[in-house]
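Novice: Just dropping this structure here.
Numbering (full-length UniProt numbering), first residue to last: 1 to 170.
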């Protein structure tokens with residue numbers, strides 16, 4: 001098992017949970033405490049097995065890119081969307097100094113695919129119903145080709161004309 005010494009990038013449910021810190025040996029101890037006392041982990045997030053698998057992939061990428069795990073996690077988030085940049089919570093001076101480094105890290109498609117393939121990801125409703133293919137954050141409305149009788153250009157034109165009508169009447 002990985003130590004996740006720098007932190008874990010957890011794919012928990014439908015969202016990316018940021019960098020999570022924990023001590024290497026504490027995971028097994030926390031699991032045992034939780035079996036005895038359900039309130040033992042109250043206030044702390046413990047990594048699941050899937051989180052640890054993702055963390056191991058990110059640790060390999062950090063070593064390969066000679067970067068910190070936080071740099072890799074942030075670079076991963078930067079590569080995830082076509083139109084949106086993540087708002088990054090900064091808690092320490094080290095986080096501030098790592099931001100410029102993360103913007104210069106280039107992750108390949110194989111790196112991203114390896115991270116996605118480390119553990120199953122469920123984007124939850126409504127994303128599991130959209131697109132008719134594997135979920136990717138770069139998909140847009142024009143990728144919805146599996147829906148019958150949907151003309152995206154017509155929908156866009158109708159939306160634009162409705163908007164123009166509303167603006168004209170306001």
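For glycine and all other residues, C-beta sits at the position ideal for the given N, C-alpha and C.
#1: Tell me which residue opens and which closes the alpha helix (DSSP H) that residue 70 is part of.
#2: Here's a check: name, in chain order, each residue in its chain whose Cβ is nearer than 7 Å to the Cβ of residue 79, leaving out the five neighbours to either side.
#3: Helix, strand or coil, according to DSSP, for residue 97 in the structure here?
#4: Quick check on residue 103: buried or exposed, where buried means 16 or more other Cβ atoms within 10 Å of its Cβ?
#5: For the alpha helix (DSSP H) that contains residue 54, what are its first and last residues?
#6: If you count every other CB in all the chains shown that lies within 10 Å of the CB of residue 199, and 16 or more means buried, which is it?
#7: DSSP on residue 118, reduced to helix/strand/coil?
#8: Which value, in whole angstroms, describes the spacing of the CA atoms of residue 53 and residue 62?
#9: How long is the line joining the alpha carbons of residue 67 and residue 32, rounded to whole angstroms?
#10: Can you have a look at residue 57 and say buried or exposed, based on whether 16 or more other CB atoms are within 10 angstroms of its CB?
Specialist: Here's the rundown:
#1: Element bounds for residue 70: 69 to 78.
#2: Closer than 7 Å at the Cβ level, and outside the excluded window around residue 79, lie 107 and 112.
#3: Three-state DSSP puts residue 97 in a helix.
#4: Per the 10 Å Cβ criterion, exposed.
#5: Element bounds for residue 54: 49 to 64.
#6: Beyond the ends of the chain as shown, which are 1 and 170, falls residue 199; an answer cannot be given.
#7: Reduced to three states, the DSSP call for residue 118 is coil.
#8: Answer to the nearest angstrom: the Cα atoms are 14 Å apart.
#9: Residue 67 and residue 32 have their C-alpha atoms spaced approximately 33 Å apart.
#10: Buried, because 16 or more other Cβ atoms sit within 10 Å of the Cβ of residue 57.
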